[in-house]
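*Asks:*
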Amino acid sequence: LPICNEIILLPHRDVDGVLRRANNTEYGLASGVFTKDISKALYISEKLEAGTVFINTYNKTDVAAPFGGFKQSGFGKDLGKLFSPSFTSHLTVQINENT
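full-length UniProt numbering numbers the first residue of the sequence shown as 1 and each following residue consecutively.
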């Protein structure tokens, strides 16, 4: 059972193609977006299938923020006390504005 599934993305022109590649995995705990275009980053964060999306930072979380992943990274969310059989997904977006 892998602990981490990692994708390294290079500069691109086709955002939707990158999203297809990034979402083509059975895991979805966290992801990171690095760009000067915050509008583009927010668009990408809405489309990524990950529980947490970091923008211009990575792995700097607020302990009060909701935590959990999508797909096979959902342990604790879908099996915990707060499980809802509805198909609601919670997303946390962390933005570093000091770039």
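Where is the CB? At the ideal position from N, CA and C, for every residue including glycine.
1) Quick check on DSSP: helix, strand or coil for residue 40?
2) Hey, residue 55 and residue 95 are a contact pair by Cβ (cut 8 angstroms); roughly how many whole angstroms apart?
3) Pick out whichever of 35, 62, 24, 37 has its Cα sitting closest to the Cα of residue 50.
4) In the DSSP assignment, the alpha helix (DSSP H) including residue 32 goes from what residue to what residue?
5) Going by beta carbon distance, what residues of the same chain come within less than 7 angstroms of residue 93, once the five residues before and after it are set aside?
*Replies:* Let's see:
1) Helix, per DSSP.
2) 4 angstroms
3) 24
4) Careful: residue 32 lies outside any alpha helix (DSSP H), inside the beta strand (DSSP E) at 30 to 33.
5) 45, 53, 55
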